[in-house]
Amino acid sequence: MSESAETSIFAFPKLSDFNYGSWKTDMKVLLMEKGCWQFILGTEKPCSEGASDREQLAYELRKQRSYTTIYMGVERKYQALIADTEDGKTAWDTQKENFEPSSRARLASLVDDFFSSRFDVNEETIGIYSKKIVEKNQQIKEAGFKMPDILVCFQLIRFLPPEYDNLVQILYRIKDEEFTVDNITKQLITESGRIQLKFKDENRVQSVTDAYTAGGRNPEENRQKQKNTATKSYGSGTVMDPGVRRNRKSSSNFCKYCKRKGHSEDGCFKKKESQDKSFCTENRGPNRLAEMKGLESSNVETTVTRERPAEFLIDSAATTHICNQKDWFSNLKQIYPTEVLVGERDSSAKAVGIGDIKFTILDIKGKVEIN
């Protein structure tokens with residue numbers, strides 16, 4: 001074998017201070033490719049007495065190659081650890097004793113690393129993550145501690161994205177004999193494929209919807225789009241394309257409510273907002289308070305506040321419900337004013353009390369009291 005071909009075999013980094021875990025796997029594969037891994041395990045049988053000289057020579061060469069491959073695969077400063085031996089198994093065990101010592105400090109580090117593992121959707125697949133958990137468990141076992149299988153299963157489903165919540169709830173309810181590492185890994189891989197297909201279908205549907213929306217735009221919107229595309233923005237100013245004819249005629253829509261152009265009174269947001277918060281005056285007929293004071297009831301009007309009807313979403317799966325009607329509460333405990341999240345986009349409201357509200361709803365079985 002030429003020198004360049006021999007050098008190209010070491011495609012992985014040599015053993016250094018922090019890469020023993022990956023180096024060990026890479027070196028194992030290389031020794032297997034060279035037919036020398038059995039010497040490391042100590043299971044290679046020597047040649048029989050009737051073996052030919054050629055067979056004995058091949059045996060000795062493979063045995064020597066098991067050591068030389070390990071020696072050339074470590075950095076210069078660590079070669080001194082195995083320079084006094086010519087046996088591959090001894091060299092392998094020496095490196096393991098130095099980089100994977102059986103101590104309580106290393107065991108504590110491995111256990112902490114095991115329970116700190118997180119599934120990164122952008123960096124790995126669920127299959128790789130499961131294999132990583134199993135390998136960390138094997139390292140703990142080699143350090144002298146047997147991790148219960150149920151803890152390994154819990155770690156596999158502990159830090160998963162929200163898309164896996166449904167599967168995790170199912171896995172928590174399966175039988176004990178089915179709650180195994182192999183079965184959970186299989187279920188996670190299957191669910192991962194389903195989630196990827198779902199996202200792919202959703203993106204395809206969204207693309208089709210956008211295409212139909214663009215094709216169904218009315219001519220006025222198309223002309224407006226052409227105007228927008230003809231205007232190119234450069235920094236804080238705009239440059240108009242001289243080839244595009246611009247309509248200098250102002251909009252004919254005029255709102256009589258807010259006295260502004262650009263929209264009609266029916267689409268005025270200020271009018272709608274004013275209607276929601278407005279007060280209305282209603283004639284209630286003879287007023288009892290007016291009669292008591294001797295006033296003419298026909299000249300007295302009662303002013304009441306008309307508000308939008310209150311609504312509650314029953315069984316909305318909300319963490320907390322908020323109500324602005326104090327008299328609805330059957331019991332109310334005053335608290336220090338606290339900001340609570342409402343809806344989405346970081347909206348908040350100030351809560352001043354906590355209590356219970358009783359409802360009577362009409363269900364299939366009849367009236368149901370809820371609290």
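With full-length UniProt numbering, letter number 131 in the sequence shown gets 131, and the count goes up by one each step, no holes.
Glycine residues also receive a C-beta, built at the ideal position from the N, C-alpha and C atoms.
Exercise for the section: Would you kindly report the start and end of the unbroken beta strand (DSSP E) that includes residue 353? Expected result: Start and end: 348-356.
Q. Below 8 Å, can you find three or more Cβ-Cβ pairs linking the segment 29-39 to the segment 63-75?
A. yes
So, helix, strand or coil for residue 174, using DSSP? coil
May I ask whether a heavy atom of the ligand MN can be found less than 7 Å away from the beta carbon of residue 24?
This structure simply doesn't include the ligand MN, nor any ligand for that matter.
Nonlocal neighbours in the same chain, by C-beta distance under 7 Å from residue 183, ignoring five residues either side: none
Distance, residue 329 Cα to residue 185 Cα: 49 Å
Exercise. What do you get for residue 32, buried or exposed, if any count of 16 or more other CB atoms within 10 angstroms of its CB means buried?
Worked result: exposed
Run through the DSSP bridge pairs and tell me what residue 331 is partnered with.
356
(request) Can you grab the Cα-Cα spacing for the pair residue 71 / residue 163, in whole Å? (result) 48 Å
message: I want to see whether chain D comes within less than 8 Å of residue 141, judged by CB atoms only; does it?
response: Looking for chain D here will not work: only one protein chain is present.
>> How far does the alpha helix (DSSP H) with residue 367 in it extend, from its first residue to its last?
In response: Unbroken run through residue 367 is the beta strand (DSSP E), 366-370; no alpha helix (DSSP H).
Determine the closest residue to residue 148 out of 137, 28, 130 and 261, with distance taken between C-alpha atoms. 137
Discussion item. Closer than 8 Å is the cut-off here; do at least three beta carbon pairs connect the segment 352-363 with the segment 321-338?
Written reply: yes
For residue 65, name the three-state secondary structure that DSSP assigns.
helix
- Message: On the criterion of 16 or more Cβ atoms from any shown chain inside 10 Å, does residue 119 qualify as buried, or is it exposed?
- Response: Buried, since its Cβ has 16 or more Cβ neighbours within 10 Å.
Alpha-carbon to alpha-carbon, residue 95 and residue 84
13 Å
Q | Cβ shell of residue 377 (< 8 Å), same chain only, five flanking positions each side left out | A | The chain is shown from 1 up to 371; residue 377 falls before or after that span and cannot be answered.
By the three-class DSSP mapping on this structure, what secondary structure does residue 261 have?
strand
- [ ] Confirm, please, whether the CB-CB distance from residue 133 to residue 179 is below 8 Å.
- [x] no
Worksheet item: If you run the structure through DSSP and keep just helix, strand and coil, what is residue 43?
Response: Coil.
Practice prompt. Could you tell me if residue 121 is buried or exposed, where buried requires 16 or more neighbouring beta carbons within 10 angstroms of its beta carbon?
Written response: Label assigned to residue 121: exposed.
Assigned exposure category for residue 43 - 16 Cβ within 10 Å defines buried: exposed
* Thinking C-beta only, is residue 88 closer than 8 Å to residue 40? -> yes
- What residue from 340, 168, 92 and 105 has the CA that sits closest to residue 27's CA? 92
### Query
Roughly how many angstroms lie between the CA atoms of residue 361 and residue 192, to the nearest whole one?
Between residue 361 and residue 192, the C-alpha separation is close to 41 Å.
For this session: Answer yes or no: do residue 114 and residue 20 have a C-beta to C-beta separation smaller than 8 Å?
Result: No, these two residues do not count as a Cβ contact at 8 Å.
Which residues in the same chain as residue 368 place their Cβ atom closer than 6 Å to its Cβ, once the five residues preceding and following it in sequence are excluded? 361
Review point. Terminal residues of the continuous alpha helix (DSSP H) containing residue 143?
Key: No alpha helix (DSSP H) contains residue 143, which DSSP labels as neither H nor E.
Hey, would you say residue 143 sits closer than 8 Å to residue 102, going by beta carbons? yes
Report task. Starting from residue 15, trace the alpha helix (DSSP H) both ways and give me its first and last residue. Result -> Here residue 15 belongs to no alpha helix (DSSP H), and DSSP marks it neither H nor E.
Quiz item: Which residues in the same chain as residue 47 place their Cβ atom closer than 8 Å to its Cβ, once the five residues preceding and following it in sequence are excluded?
Solution: The residues are 55, 56 and 59.
For the alpha helix (DSSP H) containing residue 80, list its first residue and its last residue. Per DSSP, residue 80 belongs to no alpha helix (DSSP H) and is neither H nor E.
Cα-Cα separation, residue 76 to residue 52
Going by the C-alpha atoms only, they are around 38 Å apart.
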